[in-house]
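Residue numbers (the numbering used here): 556 to 824.
The beta-carbon is built from N, C-alpha and C at its ideal position, and this holds for glycine as well.
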């Protein structure tokens with residue numbers, strides 16, 4: 556019988572050398588840190604943005620300083636034509652793809668009774684629908700390179716009720732469901748699909764929440780104090796887990812959502 560040696564799967568620092576990774580929404584915050592993390596480990600990166608080009612170009616400059624290629628592509632993940640154009644550019648520039656990091660997200664933060672159809676559709680299309688149709692294009696490019704990995708960034712709002720978070724929470728719940736279905740369907744193609752669900756993460760996106768603006772971020776300190784490991788998640792924390800899920804060591808993790816919040820969600824509130 557064939558034998559399996561775990562040493563064949565050891566995660567080496569150069570495992571991403573000459574790999575190609577798309578990080579959607581990678582101009583700022585978590586997306587930027589993920590893009591830079593892969594570049595530091597040898598990957599070439601497609602930097603995606605929609606509204607603000609300057610941060611995306613700055614991310615690309617930082618990647619090139621690390622000696623890696625960076626392709627900047629403007630695309631609205633809520634628009635199917637934009638998604639097709641994004642993948643057309645990737646195929647033209649690189650001919651294939653190894654990893655898709657589905658990070659771009661948006662939403663209208665307001666109570667359920669104040670949600671509008673346009674805001675609902677906007678949120679669902681960018682956060683969830685784009686994963687499905689992006690994965691369709693990504694999978695065909697990954698097959699050309701023998702397989703790959705897809706990692707989606709979720710949030711605890713997918714399973715818990717957060718203030719004014721109904722549209723985003725519902726979209727993240729849909730995203731996690733898609734991860735399960737895609738994980739099963741793409742596994743025979745040697746494509747691993749999983750999600751990462753960080754807790755409160757220290758990025759500029761926190762300024763979009765009314766609670767943060769009202770108390771000048773005091774609740775951030777309270778959240779850290781209520782977290783068993785004593786601090787909040789950082790973009791670097793997220794990037795390391797995302798990279799692990801793209802590594803050979805994670806090959807048997809299929810369709811899972813990895814919660815990384817320092818144990819905060821385990822406590823009775």
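Worksheet item: Among 591, 605, 597, which residue has its Cα nearest to the Cα of residue 615?
Response: The option with the nearest alpha carbon to residue 615 is 591.
Discussion item. What residue range does the beta strand (DSSP E) around residue 807 cover?
Written reply: Counting along the chain, residue 807 sits inside no beta strand (DSSP E), nor does DSSP assign it H or E at all.
Practice prompt. Compare the Cα-Cα distances from residue 726 to each of 757, 709, 578, 717 and report the closest residue.
Written response: Among 757, 709, 578, 717, the Cα nearest to that of residue 726 is on 709.
Item to complete: Apply the 10 Å Cβ neighbour rule to residue 792 and answer buried if 16 or more other Cβ atoms are within range, or exposed otherwise.
Response: Classification of residue 792: buried, given that the 10 Å Cβ count is 16 or more.
Discussion item. I'd like the list of long-range same chain contacts for residue 831, defined as Cβ closer than 8 Å, with 5 residues on each side in sequence excluded.
Written reply: Not covered by the structure: residue 831. The range shown for the chain is 556 to 824.
Worksheet entry | For residue 667 and residue 597, the rounded distance between their alpha carbons | Taking the straight line joining both Cα atoms gives about 44 Å.
Item to complete: Below 6 Å CB to CB, which residues in the same chain sit around residue 755 once its five sequence neighbours on both sides are set aside?
Response: Taking C-beta separations shorter than 6 Å and ignoring five residues to either side along the sequence, the partners of residue 755 in its chain run 778, 787, following chain order.
Worksheet item: For residue 773, which residues of its own chain have a beta-carbon under 8 Å away from its beta-carbon, when the five flanking residues on both sides are left out?
Response: Cβ contact annotation for residue 773 (same chain, cutoff 8 Å, sequence separation greater than five): none.
Worksheet item: Nearest to residue 703 by CA position, among 653, 749, 594, is which residue?
Response: Of the candidates 653, 749, 594, the one whose C-alpha sits nearest the C-alpha of residue 703 is 653.
Discussion item. Tell me the rounded alpha-carbon separation between residue 813 and residue 750.
Written reply: Computed Cα separation, rounded: 6 Å.
Worksheet item: Nearest to residue 696 by CA position, among 799, 648, 783, is which residue?
Response: Of 799, 648, 783, the smallest CA-CA separation from residue 696 is found for 648.
Discussion item. For residue 600, which residues in the same chain have their Cβ closer than 7 Å to its Cβ, ignoring the five residues on either side in sequence?
Written reply: Close CB contacts of residue 600 within its chain, under the 7 Å cut and outside five residues either way in sequence, are with 576, 578, 590, 593, 594, 618, 623, 625 (chain order).
Worksheet item: With distances taken between CB atoms, is the gap from residue 612 to residue 627 smaller than 8 Å?
Response: With respect to residue 627, residue 612 sits close: the two C-beta atoms are nearer than 8 Å.
Worksheet item: Rounded C-beta distance between residue 806 and residue 747? I'm assuming under 8 Å.
Response: Rounded, the Cβ-Cβ distance is 6 Å, consistent with contact.
Item to complete: Alpha carbon to alpha carbon, how far is residue 682 from residue 720? Give it in angstroms, no decimals.
Response: Residue 720 and residue 682: Cα-Cα distance of roughly 13 Å.
Worksheet item: Expressed to the nearest angstrom, what Euclidean distance is found between the alpha-carbon atoms of residue 528 and residue 798?
Response: The chain is shown only over 556 to 824; residue 528 falls outside these bounds and no answer can be derived.
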